[in-house]
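Worksheet: one structure, shown below.
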Amino acid sequence: MLGYIDKIKKISKRLLQESRVDMVIGFRKGTMPMMNEPCFIKNPDDVDTLVWDSHCGINLANYLTNRKEKIGIIAKGCDSRNIVTHIIENKISRDQLVIIGVPCKGMVDKRKVSSKIEEEIQDTSEKDSQIIVKTRAGETALDKAEVLQDNCLTCIHRNPAIYDELAADLVEEQKDIDRYEDTHTIEAMSSEEKWKYFEDLLAPCIRCYACKNACPLCYCPTCFVDESKPQWVGKSQDTTDIRTFHFLRAFHCAGRCTDCGACERACPVGINMRVFTKKLEKDCLDQFGWEAGLSLDDRPPLDTYRPDDPENFIK
Amino acid sequence: MQNPYLPYPVRVDDIEVATEDKSLKTFKFVFLNDGDEKKFAYKAGQFAELSIPGVGEIPIGIASSPVEKGFVMFTVFRAGVVTTHLHNMKTGNIMGIRGPLGNWYPWDMLEGKNILIVGGGFAFTTLRSSIVYMLDPANRSKFGNIDVVYGARTPGMLLYKDELIEWEKRDDINMHLTIDAPAEGWNYNVGFTPPITEEKAPKGDENTYAIVCGPPIMIKFTLPVLEKLGYSNDHIIMSLENRMKCGFGMCGRCGIGKELVCKDGPVFTLDQVNQTPKEY
Amino acid sequence: MKVVIIDKGQWAEDLEGLKKSYQLFGPVGEKDYTVFKTLEKGMLPDFSTLNTRLSPKSIVFPQSEDILEFSLDETREDHHIMKEVKKDHPSRAVFGIRPCDAKSISLVKLNFDTAEYKDPYWLSAYEATTFVGLACDNPASTCFCTTAGCGPYHEEGLDVLLTDEGDHFVAKALTDKGETLIKTAGWATETEDTFKLKKKTAESKITSAVETGNLENLEILDLHGATFWDDISFACLNCGTCTYVCPTCWCFDIQDEVHGKSGKRMRNWDSCMFPLFTIHTTGHNPRGTKMQRVRQRFMHKLKYFLDKYNQGIMCVGCGRCVRQCPVNIDIRRVCNLMNSYKPEDACAAQE
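Residue numbers (this note's numbering), protein chains in the order written: chain A, 1 to 315; chain B, 1001 to 1280; chain C, 2001 to 2351.
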């Protein structure tokens, strides 16, 4: 994916020069190893600030909500699917956007990298399918496949679902993978086991709301956790309130989640809250044959009614 | 030192509907414990947290005056969770009051000065407290001329109407009451507060201070009028509002620059306000 | 003050002994990071990580804390009368707090311990606690403490400072509280004060820095109106991570909760990143945009606090927000931008 950036810059420069867009939303180099910072470019001369590598996991669709400008946006497979969802949900209009599609080969989970390296990581670089990690002690090469984000490992939509420009040739989609291995494991648990599992899962939560704020779907002007009239959820570290937040948020994403992994990536205490959205994603696929964000023409299952909708899960 | 989070227990002694649209009610509270009233010693311009157990707290300017004893009074607009609950309360109910909080109008500095009070709508509570304080026989001689411009939409939206009429009759205070549009039986001014201020208020000088409280739109149009009348920014005194929780400068939310509205304010001169970010 | 040797062979036993007189806290491994927790019987503080994921501020300032309690049962004489929740903290000691975190507690004290008001909850926890620091001989690349008013051997806010000498620790008592703890632990073998030399070596390993020298000369309104805030805030998700992991962030919310007829008033951490922090009942929000909230966080830490207390910036250079921000907004970059801001350039650019 390293080679993409020249094309991304070229396209961005052209779009800005031709005034087809007011800004391009992309990434600039971060100050931390394995981190890039979402940014906007308005001046064609500034496109060299843009970067693209395996550390661009943040979902840029999040930065489109209710914007008024004409925007060029760099979009991986998952970003593009959230852009589709944004358009369907009237958070941005299609004709405001020039989508610069980026066929993706997976994003690196920096915590996985850190867990494999004893010393403090000073810097990383990429070569072929390897991540070269530099510490004060020296260099270590890691196989990128071993340090990908969990959601990238099971992704079958690496190519953008919708795009106007393309930064590289489309990549081959992953095949023959069990996308719902984790979900099956949890589904097989007894109620008590599930309860214990979720209890442990959410125990470290500090309610910073990084998960919901990183999520492009969570754009409600006032989230239910912030409502005061009536106040649905308490604000303390009470475990019931913490669970209520995570469960309700997940349900609110049903049929909309693209499994982009932004929530887990953002969580400062490493909660794998994707287990919730993943289950709902699986249910939508099983019940309605639906995957979010693949087409501008189909309405999501939860805002349409069809006489043959399954209903045997209603108890 | 006393726990600043702990309210004094009070009993709701009297509730009166304050405006014709019933959106405001005036509450009188009596302290349950001997000695608490004394501890609650306040000055005109301060506020308190009305504290309803199980519901929450709300910062409200104190409408009674330090010269009135035996009760404290607040006039409250029904808006959010706490004020709605308060409006549904009955005399005899028990709740709490925390305070007094914040600073006050600079009474020491104002001694010997002429005072112009400009108020609008229901932001007349601490202004009432101030007027009652200045008109008290023990205090009246400490101040020069007192002029009051007070405007509301209709006669029925003026707070403390009986007192306003009484003050109208006195010759040691110049009242300039006004309503937005003519109404039957209304013998006073008609027009918005800013133009009435321009017409009736005394000119600004070294010895004259203006205290201004009202809705943002009134403030916006009154400040240029005061400037035109010759009031300098350090002679214009305002009371700011911001979302508050603790009320004594610790919880951090009401900050405007380095000043905290709850503790360093709510009373600021226009000069001071102009030196802070407009985050209120 | 006393400087003593603590034999690592005796460490576990000595700490168990101390637990008879103190409730001990220390860094404890949790998943892939460490947090400060009570050290139950048999537990030792984990000194292997430099900075815990969350700061130790929760030891004196828990994320949720009951402050008042009341009954709504009208058959009771005291119904609807609020009472203080008494905090009878036992003697407590934190082991392995880093010098930056200790300094942060002394900065936060400026907020909770004022001439006019004292926060009884924060102060009672603080006063009951002995802070046993661990000096940092191998600082991280994100540590910028030496330019943020402290350093790897900084003593402010500490009662004892430990330094690791391989097979033993050397402990320096810094206050009477510290002397008492050392005496209680039975650490009596005195030794020479080697801290000065080690301090220099440790400080030389700090590679990261902020520039703060010019902040005091700038006007609040100039910085507030600076041109860089849109750029700085663009990536921000407005989550509370930076504020919650920060040792110096103290803002809180007050909430009532009722279960049946009994209720409590509690305070919870809050964050200037959240719109709810400042929104008025009318719906008007003085800091209604993301940019305004991001600006508030940095202005509070790097300018308002500085101007208000004249005690430096409200940042100790621990690097937590730098490492944990999901979008890599870096306070070092922001601080340097603020410090080098030239209002006259901005005016010229606008013309």
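Glycine included, each C-beta is placed from N, C-alpha and C at the ideal position.
What does Ser1051 of chain B touch in chain C if you count any residue whose Cβ is under 8 Å from its own?
The residue labelled residue 1051 of chain B in the question sits at position 51 within the second sequence. Within chain C, the residues placing a beta-carbon under 8 Å from that of Ser1051 of chain B are Met2082, ordered along the chain.
Under 7 Å Cβ to Cβ from Glu1037 of chain B, same chain only, skipping five residues before and after it: list those, please.
Locating residue 1037 of chain B in the second sequence gives position 37, counting from the first residue. Taken in chain order, the residues that qualify are Phe1031.
Minimum C-alpha distance to Phe1124 of chain B - residue among B:Pro1106, B:Phe1143, B:Val1148 and B:Met1109
Against the second sequence, residue 1124 of chain B aligns to sequence position 124. If we check each option's Cα against that of Phe1124 of chain B, B:Val1148 comes out closest.
Nearest-angstrom beta carbon gap, Ser114 of chain A and Ile121 of chain A [assumed within contact, 8 Å]:
To locate residue 121 of chain A, count along the first sequence from 1; it is residue 121. To locate residue 114 of chain A, count along the first sequence from 1; it is residue 114. Rounded, the Cβ-Cβ distance is 6 Å, consistent with contact.
So what's Lys134 of chain A in DSSP terms, helix, strand or just coil?
On the first sequence, position 134 is the one that residue 134 of chain A refers to. If DSSP states are grouped into helix, strand and coil, Lys134 of chain A belongs with the strands.
Taking 8 Å as the threshold (beta carbon to beta carbon), is Gly3 of chain A in contact with chain C?
Position 3 of the first sequence holds residue 3 of chain A. Taking Cβ atoms only, chain C never reaches closer than 8 Å to Gly3 of chain A, which makes this a no.
What number of angstroms, rounded off, separates the C-alpha of Glu1049 of chain B from the C-alpha of Gly2319 of chain C?
Within the second sequence, the letter at position 49 stands for residue 1049 of chain B. Within the third sequence, the letter at position 319 stands for residue 2319 of chain C. Roughly 38 Å between the two C-alpha positions.
Taking the C-alpha atoms as reference points, what is the distance between Ala262 of chain A and Cys218 of chain A?
Within the first sequence, numbered from 1, the residue matching residue 262 of chain A stands at position 262. Within the first sequence, numbered from 1, the residue matching residue 218 of chain A stands at position 218. Approximately 11 Å between the Cα atoms of the pair.
Using 8 Å for Cβ pairs, my map puts Pro160 of chain A next to Gly101 of chain A. What's the rounded Cβ distance?
Position 160 of the first sequence, counting from 1, holds the residue named residue 160 of chain A. Position 101 of the first sequence, counting from 1, holds the residue named residue 101 of chain A. Indeed, because the Cβ distance is near 3 Å, the residues count as touching under 8 Å.
Ordered along the chain, which non-local residues of its own chain (more than five positions away) have a Cβ less than 8 Å from that of Phe1077 of chain B?
Along the second sequence, one-based indexing puts residue 1077 of chain B at 77. The answer, listed in chain order, is Ser1023, Leu1024, Thr1083 and Phe1122.
Kindly say whether Val2132 of chain C, judged by its beta-carbon, lies nearer than 8 Å to any beta-carbon of chain A.
Along the third sequence, one-based indexing puts residue 2132 of chain C at 132. Under the Cβ criterion of 8 Å, Val2132 of chain C is not counted among the residues facing chain A.
Report back the beta-carbon spacing between Lys2290 of chain C and Ser2233 of chain C to the nearest angstrom; my notes put them in contact at under 8 Å.
The sequence position of residue 2290 of chain C within the third sequence is 290, counting from 1. The sequence position of residue 2233 of chain C within the third sequence is 233, counting from 1. Here Lys2290 of chain C really is in contact with Ser2233 of chain C; their C-beta atoms are around 6 Å apart, less than 8 Å.
Give every residue of the same chain whose Cβ lies closer than 7 Å to the Cβ of Val1973 of chain C, excluding the five residues on either side of it in the sequence, and list them in chain order.
This structure cannot speak to residue 1973 of chain C, because chain C is shown only from 2001 to 2351.
For the ligand NAP, I want to know if Val133 of chain A counts as a neighbour, meaning its beta carbon is within less than 7 Å of at least one of the ligand's heavy atoms.
In the structure on display, the ligand NAP does not appear, and there are no ligands present to speak of.
Just how far apart, CA to CA, sit Val2004 of chain C and Lys2177 of chain C?
By one-based count along the third sequence, residue 2004 of chain C stands at place 4. By one-based count along the third sequence, residue 2177 of chain C stands at place 177. If I take the Cα positions, the gap works out to 15 Å.
Alpha carbon of Glu1259 of chain B to alpha carbon of Glu2219 of chain C, nearest angstrom
Taking the second sequence and counting its residues from 1, the one referred to as residue 1259 of chain B is at position 259. Taking the third sequence and counting its residues from 1, the one referred to as residue 2219 of chain C is at position 219. Between Glu1259 of chain B and Glu2219 of chain C, the alpha-carbon positions lie close to 14 Å from each other.
Of all the alpha helix (DSSP H) runs that stay within the bounds of the segment 1215 to 1277 of chain B, which reach a length of 4 or more residues?
With a minimum length of 4 residues, the continuous alpha helix (DSSP H) runs that stay inside the segment 1215 to 1277 of chain B are 1216 to 1228 and 1270 to 1274.
Since Lys1038 of chain B is in the alpha helix (DSSP H), which residue starts that stretch and which ends it?
As a working mapping, residue 1038 of chain B is identified with position 38 in the second sequence. For Lys1038 of chain B, the enclosing alpha helix (DSSP H) covers residues Asp1036 to Lys1039.
Taking Cβ-Cβ distances below 9 Å as the criterion, which residues of the segment 260 to 281 of chain A are in contact with chain C?
Answer set for the segment 260 to 281 of chain A: Ala262, Arg265, Ala266, Cys267, Pro268, Val269 and Gly270.
Chain-ordered neighbours of Ile1217 of chain B on chain C, where CB pairs are closer than 8 Å
Here residue 1217 of chain B refers to the residue found at position 217 when the second sequence is read from its first residue. Going along chain C, no residue has its Cβ under 8 Å from Ile1217 of chain B, so there is no contact; the nearest lies around 12 Å.
Per-residue contacts from Trp2250 of chain C into chain B (C-beta, under 8 Å):
For the purposes of this step, residue 2250 of chain C is taken as the residue at position 250 of the third sequence. Those within 8 Å of Trp2250 of chain C in chain B are Met1250 and Gly1252.
Could you please give the first and the last residue of the uninterrupted beta strand (DSSP E) stretch that includes Thr1026 of chain B?
By 1-based counting over the second sequence, the position of residue 1026 of chain B is 26. Counting along the chain, the beta strand (DSSP E) containing Thr1026 of chain B begins and ends at Leu1024 to Phe1031.
Please confirm if Val1055 of chain B has its CB atom under 8 Å from at least one CB of chain C.
For the purposes of this step, residue 1055 of chain B is identified with residue 55 of the second sequence, where counting begins at 1. The Cβ of Val1055 of chain B sits closer than 8 Å to at least one Cβ of chain C.
Is it buried or exposed, Trp2250 of chain C, if we count other Cβ atoms within 10 angstroms and call 16 or more buried?
Numbered from 1 along the third sequence, position 250 holds the residue referred to as residue 2250 of chain C. Its Cβ being crowded by 16 or more others within 10 Å, Trp2250 of chain C is buried.
Just how far apart, CA to CA, sit Val2170 of chain C and Met35 of chain A?
The residue labelled residue 2170 of chain C in the question sits at position 170 within the third sequence. The residue labelled residue 35 of chain A in the question sits at position 35 within the first sequence. Cα to Cα, the separation comes out at about 38 Å.
Name the residues in the segment 2087 to 2120 of chain C whose C-beta lies less than 9 Å from a C-beta of chain A; which are they?
Those residues of the segment 2087 to 2120 of chain C that come within reach of chain A (Cβ to Cβ, closer than 9 Å) do not exist; the list is empty.
For Arg81 of chain A, does the count of other Cβ atoms within 10 angstroms reach 16, so buried, or fall short, so exposed?
Walking along the first sequence from the start, residue 81 of chain A turns up at place 81. Its Cβ being crowded by 16 or more others within 10 Å, Arg81 of chain A is buried.
Tell me whether the beta-carbon of Ser2208 of chain C lies closer than 8 Å to the beta-carbon of Ser2141 of chain C.
What you label residue 2208 of chain C is simply residue 208 of the third sequence in a count that begins at 1. What you label residue 2141 of chain C is simply residue 141 of the third sequence in a count that begins at 1. Cβ distance < 8 Å, so Ser2208 of chain C and Ser2141 of chain C count as in contact.
Pick from B:Gly1045, B:Gly1054 and B:Ile1236 that is closest to Leu1101 of chain B, judged by C-alpha positions:
Here the question's residue 1101 of chain B lines up with position 101 in the second sequence. Ranked by Cα distance from Leu1101 of chain B, the options B:Gly1045, B:Gly1054 and B:Ile1236 are led by B:Gly1045.
Give me, in chain order, the residues of the same chain whose beta-carbon lies closer than 7 Å to that of Asn1274 of chain B; leave out the 5 immediate sequence neighbours on both sides.
In the second sequence, residue 1274 of chain B corresponds to position 274, counting from 1. Taking C-beta separations shorter than 7 Å and ignoring five residues to either side along the sequence, the partners of Asn1274 of chain B in its chain run Asn1233, following chain order.
Let me make sure I understand the geometry here. Which of C:Asn2051, C:Met2082, C:Phe2061 and C:Glu2065 has the alpha-carbon closest to that of Cys2145 of chain C?
Here residue 2145 of chain C refers to the residue found at position 145 when the third sequence is read from its first residue. That would be C:Asn2051, whose Cα lies nearest to the Cα of Cys2145 of chain C.
First and last residue of the alpha helix (DSSP H) that includes Tyr1005 of chain B?
Locating residue 1005 of chain B in the second sequence gives position 5, counting from the first residue. Membership of Tyr1005 of chain B in any alpha helix (DSSP H) is not indicated, and neither H nor E is assigned to it by DSSP.
Cβ contact check for the segment 2196 to 2203 of chain C and the segment 2223 to 2240 of chain C: 3 or more pairs under 8 Å
Contact between the segment 2196 to 2203 of chain C and the segment 2223 to 2240 of chain C is absent, because fewer than three Cβ pairs lie under 8 Å.
Should Leu2018 of chain C go down as buried or exposed, given a rule of 16 or more other Cβ atoms within 10 Å for buried?
In the third sequence, counting from the first residue as 1, residue 2018 of chain C sits at position 18. Leu2018 of chain C comes out buried.
Output the distance between the C-alpha atoms of Ala1152 of chain B and Lys2118 of chain C, rounded to the nearest integer angstrom.
As a first step, residue 1152 of chain B must be located in the second sequence, where it is residue number 152. As a first step, residue 2118 of chain C must be located in the third sequence, where it is residue number 118. Rounded to the nearest angstrom, the two C-alpha atoms are 41 Å apart.
Simplified DSSP state of Gln2296 of chain C, which is helix, strand or coil
Here residue 2296 of chain C is taken as the residue at index 296 of the third sequence, counted from 1. Gln2296 of chain C: helix per DSSP, three-state reduction.
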